[in-house]
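*Asks:*
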Amino acid sequence: MSVSAAATLLPVDGLCYKLSFQGSQGRAYLFNSVVNVGCGPAEERVLLTGLHAVADIYCENCKTTLGWKYEHAFESSQKYKEGKFIIELAHMIKDNGWD
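Heads up: the sequence shown at position 45 corresponds to 46 in our numbering, and the numbers run straight through without jumps.
1) Please name the residue, chosen from 62, 28, 47, that lies closest to residue 37 on a Cα-to-Cα basis.
2) Give me whichever residues DSSP pairs with residue 50 in a beta bridge.
3) Helix, strand or coil: how does DSSP classify residue 70 here?
4) Cα separation between residue 42 and residue 73?
5) With which residues is residue 32 paired in a DSSP beta bridge?
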């Protein structure tokens, strides 16, 4: 995958962890890890699944905000998200037929 604004590649660690997430701008994917992204400061936000501490992530090249990193989940059912990354598809170009 690459960022639509900068064509910067964002290789991921294997496949997506989960495909059925909702970002602030539509469909989003949850990844175990990503590269070529920077991370802002963590802040508490109420998301669809409850209160989380998240940090916005952005493209290192063009500084476009891509999604966020889950730093802490306050609900026990959401703990699996901790340390993982949401990337919104609104900012992405899918390469090699990836879907």
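Heads up, the beta-carbon is just placed ideally off N, CA and C, and yes, glycines get one too.
The structure displayed is predicted, hence computed values, not measured ones.
*Replies:* The short version:
1) Looking only at 62, 28, 47, the smallest Cα-Cα distance to residue 37 is reached by 62.
2) Beta-bridge pairing links residue 50 to no other residue.
3) Residue state for residue 70 is assigned as strand, using DSSP reduced to three classes.
4) Residue 42 and residue 73 have their C-alpha atoms some 13 Å from each other.
5) Paired residue(s): 86.
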